[in-house]
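Engineer: I have a structure I would like to understand better, so I am pasting it below and will then ask my questions one at a time.
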Amino acid sequence: MSVVFERPSLWQRLKPVLGGFDGPLTAVVLMLAALGLVTMYSVGFDHGTRFADHGRNMMIGAVVMLIAAQVPPQRLQTLAVPLYTLGVLLLLATLAFGITKKGATRWINLGIVIQPSEIMKLAMPLMLAWWFQKREGQWRTPEFAIAGLLLLVPVLLVAKQPDLGTAILVLSSGLYVLFFAGLSWRLIVPVLLLGAVGITTIVLMGDTLCQPEVAWHGLRDYQKQRVCTLLDPTRDPLGKGFHILQGMIAIGSGGLTGKGFMSGTQTHLEFIPERTTDFVFAGFAEEFGLLGAGLLLVCYIALIFRGLVIAAQAPTAFSRLLAGAITLSFFTYGFVNLGMVSGILPVVGVPLPFISYGGTAMVTLGLALGMLMSIARSRGLMQR
C-alpha cells in the first residue's frame, strides 16, 4: 500500500502568514500606497529614478511589515529594553564621533551609514509601553516620573544633533504612551496653557522678537528664522520664505479639482523645492485639488480611527499603549507635514507617510504598521 502525500498549494503555504490581517487597516494602507505611487510618478518622473526607488522602498516596507506582523506582542515586549538601550548608546556615539553634514551631526558609520534617531521613533513607545506593563495597577506619580526621564534622555540627545523634527516625533510618541497610561490632566492642562500663551506672545510680538539683535535662548538661530519666516514669509520671499510661499501658491492654484495628473506647473517648473520629499503635498494638491486633498485626509483619518479601534480592543496594557502611540504618531507625521507645507507650522523636515520619498522613513513606517497588525492579529487569536 502506497502513501500519497498531497503537496500544499501556494495559498495554503501563504495563508498562515497572510491570514488574520486586519481587513480595514489593510484596505486603507493599500489606498494610501496607491496614492503615494501615483503622486511620486507625477512629481518625480523627471527627477532621476525617484519613482522606481519609491516603488522599491514601498516593497521593502511591505516586506518589513509582513515580517513584523508575524512577531507576537509578547515577543515585541522582550525587544523593548534592548532596542531602547541600543538606540541611546548609538545616539551617544553619534554625539561623540558622528558624521556632520550641513552643520548637523545625525549620522554614524558602522560599516554602513545610519541615523540612530530613527530607531528611537519606535524604541521609545516600545520602552514606555513595557515600563507601564511591568507596573500594571501601580501607575502613580513615581512611575510617570521615571517614564518622563526615559523619554527626556533620547529627546535631548536628538535635539542636540540638532534635529528638531525627529525630536518632536520621538517626544510625541512617548507623550502618547503617557497620555494613554492615564497622565493626570492637572499636568497636561498647564503645559497646554503655557504653550498657548507662548504662541500668542510670538504672534503678537513677532516684529519685535524677530529683530536680529533679539536672541531666543534655547533655540539656534536657524530655528528662530524658521519661526519668524512662518509669521511673515514675505520677509525674505526669495530666500527663507521661498518654500512656504511656493507651497501655498501651488496648493491654492489647484482649486477644487486640480490642474490634472502630471499637469502641475508649479511642480514641474521646479518652483516647489523638495517636491518629492517634505513638500510633496504641495504638488499633490496642485494636481488633484481640494477633492484630492480631501480624499487623502479621509484616508489618514480612517487609518487613525482604525488604529485607535485596534488599541481599544487590545488584550494587554502593553499592546494597548503601543498601538495607541503608534496610531497617534501617524497623526503627528501628517499634521506636522501638512501644517508646514500649508504655512501654519514651521518647516521642520517631517515626511508625509506613504507619499513622501524616503527609504528609512518607509522602513520605519513598515515596522510601525507591522506592530499594529501584530496587535490586531493577537486580538483575533484571543477571541477564537
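Numbering of the sequence shown is given in our numbering, commencing with residue 12 and proceeding in unit increments. All C-beta atoms, glycine included, are put in the ideal place defined by N, C-alpha and C. These figures come from a predicted structure and were not determined experimentally.
1) Please report how far the alpha carbon of M273 lies from the alpha carbon of F299, in whole angstroms.
2) What is the DSSP secondary structure of W141, counted as helix, strand or coil?
3) Considering Cα atoms alone, identify which of A387, P83, Q85 and P93 is closest to A323.
4) In the segment 141-187, which residue ranges form an unbroken beta strand (DSSP E) of at least 3 residues, counting only runs that do not cross its ends?
5) Could you check if S389 is buried or exposed, using at least 16 other CB atoms within 10 Å of its CB as the buried criterion?
6) In chain order, what are the residue ranges of uninterrupted alpha helix (DSSP H) at least 4 long that sit wholly in the segment 334-394?
7) What do you get for H65, buried or exposed, if any count of 16 or more other CB atoms within 10 angstroms of its CB means buried?
8) Going by beta carbon distance, what residues of the same chain come within less than 7 angstroms of Q234, once the five residues before and after it are set aside?
9) By the 10 Å Cβ neighbour count, where 16 or more other Cβ atoms means buried, how is L376 classified, buried or exposed?
10) Do you know how far the Cα of I321 is from the Cα of F295?
11) Please confirm if the segment 148-156 is in contact with the segment 118-137, defined as three or more CB-CB distances below 8 angstroms between the two stretches.
12) Where does A45 fall in DSSP's three states?
13) Candidates A80, S184, Y368 and F341: which alpha carbon is nearest I312's?
14) Using only the alpha-carbon positions, how far apart do C221 and R237 sit?
15) Pull up the CB-CB distance for T268 and V54, whole angstroms please, since I reckon it's below 8 angstroms.
16) Would G345 and P364 qualify as a contact pair, given that the criterion is a beta-carbon distance under 8 angstroms?
17) Return the first residue and the last residue of the beta strand (DSSP E) that R117 is part of.
18) Using a Cβ distance threshold of 8 angstroms, determine whether the segment 157-164 contacts the segment 182-193, with at least three qualifying pairs required.
19) From P244 to H254, what does the alpha carbon distance come to, in whole angstroms?
20) Output the distance between the C-alpha atoms of Q144 and A192, rounded to the nearest integer angstrom.
21) In terms of alpha-carbon separation, which member of I283, I260, G370 and L383 lies closest to P326?
22) On the three-state DSSP scale, how would you describe V15?
23) Please return the same chain residues whose Cβ sits closer than 8 angstroms to the Cβ of V92, not counting the five positions on each side in sequence.
24) Quick check: the Cα distance between A261 and R197, rounded to an integer number of angstroms?
25) Using the Cα positions of D247 and D218, report the straight-line distance between them to the nearest angstrom.
26) Leaving aside the five residues before and after P83 along the sequence, list all residues of the same chain whose C-beta is less than 7 angstroms from its C-beta, in chain order.
27) Between which two residues does the beta strand (DSSP E) containing T111 stretch?
28) For T50, I'd like the list of residues in its chain whose CB is within less than 6 angstroms of its CB, leaving aside the five on either flank, ordered along the chain.
29) For Q234, report the span of its alpha helix (DSSP H) as first-last.
30) Output the distance between the C-alpha atoms of A304 and F56, rounded to the nearest integer angstrom.
31) Kindly indicate which three-state DSSP category I283 falls into: helix, strand or coil?
Structural biologist: Straight from the coordinates:
1) Counted from its first residue, the sequence shown places residue 273 at position 262. Counted from its first residue, the sequence shown places residue 299 at position 288. Each residue's alpha carbon lies about 10 angstroms from the other.
2) Locating residue 141 in the sequence shown gives position 130, where the first residue counts as 1. Helix, per DSSP.
3) On the sequence shown, position 312 is the one that residue 323 refers to. Of the candidates A387, P83, Q85 and P93, the one whose C-alpha sits nearest the C-alpha of A323 is A387.
4) none
5) The residue you call residue 389 lines up with position 378 of the sequence shown. Under this definition S389 is a buried residue.
6) 370-394
7) If you number the sequence shown from 1, residue 65 lands on position 54. Classification for H65: buried.
8) Residue numbering aside, residue 234 sits at position 223 when the sequence shown is read from its first letter. Closer than 7 angstroms at the Cβ level, and outside the excluded window around Q234, lie L175.
9) Position 365 of the sequence shown, counted from the start, is the residue given in the question as residue 376. Result: buried.
10) Working through the sequence shown from its first residue, we reach residue 295 at position 284. Working through the sequence shown from its first residue, we reach residue 321 at position 310. Using only the alpha carbons, I get a separation of about 30 angstroms.
11) No, they do not touch.
12) Position 34 of the sequence shown, counted from the start, is the residue given in the question as residue 45. Here A45 sits in helix by DSSP.
13) Counted from its first residue, the sequence shown places residue 312 at position 301. Nearest C-alpha to I312: F341.
14) Position 210 of the sequence shown, counted from the start, is the residue given in the question as residue 221. Position 226 of the sequence shown, counted from the start, is the residue given in the question as residue 237. Cα-Cα distance, rounded: 10 angstroms.
15) For the purposes of this step, residue 268 is identified with residue 257 of the sequence shown, where counting begins at 1. For the purposes of this step, residue 54 is identified with residue 43 of the sequence shown, where counting begins at 1. With 8 angstroms as the limit, T268 and V54 do not qualify as a contact, their Cβ atoms being about 18 angstroms apart.
16) Looking up residue 345 in the sequence shown gives position 334. Looking up residue 364 in the sequence shown gives position 353. In this structure, P364 lies closer than 8 angstroms to G345 by Cβ.
17) The count along the sequence shown starts at 1 and reaches residue 117 at position 106. From DSSP, the beta strand (DSSP E) with R117 extends over A115 to N120.
18) yes
19) Translated into positions along the sequence shown, residue 244 becomes position 233. Translated into positions along the sequence shown, residue 254 becomes position 243. Going from the Cα of P244 to the Cα of H254 covers about 9 angstroms.
20) As a first step, residue 144 is located in the sequence shown; it is residue number 133 there, counting from the start. As a first step, residue 192 is located in the sequence shown; it is residue number 181 there, counting from the start. Within the model, the alpha-carbon separation for Q144 versus A192 is close to 10 angstroms.
21) As a position in the sequence shown, residue 326 is number 315, starting the count at 1. The shortest Cα separation from P326 among I283, I260, G370 and L383 belongs to L383.
22) One-based indexing of the sequence shown puts residue 15 at position 4. Bear in mind that a pLDDT of 49 at V15, under 50, signals an unreliable position, so the model cannot answer this.
23) The residue labelled residue 92 in the question sits at position 81 within the sequence shown. Within the same chain, V92 has close Cβ partners M138 and W141.
24) Taking the first residue of the sequence shown as position 1, residue 261 is located at position 250. Taking the first residue of the sequence shown as position 1, residue 197 is located at position 186. Approximately 42 angstroms between the Cα atoms of the pair.
25) Within the sequence shown, the letter at position 236 stands for residue 247. Within the sequence shown, the letter at position 207 stands for residue 218. Between D247 and D218, the C-alpha separation is close to 14 angstroms.
26) Taking the first residue of the sequence shown as position 1, residue 83 is located at position 72. Cβ within range, chain order: S385 and S389.
27) Here residue 111 corresponds to residue number 100 of the sequence shown, with the count starting at 1. Start and end: I110 to K112.
28) As a working note, residue 50 is residue 39 in the sequence shown. The residues are F295 and I366.
29) Counted from its first residue, the sequence shown places residue 234 at position 223. Here the alpha helix (DSSP H) through Q234 covers D232 to L242.
30) Numbered from 1 along the sequence shown, position 293 holds the residue referred to as residue 304. Numbered from 1 along the sequence shown, position 45 holds the residue referred to as residue 56. About 21 angstroms.
31) Numbered from 1 along the sequence shown, position 272 holds the residue referred to as residue 283. I283 falls in the coil class under three-state DSSP.
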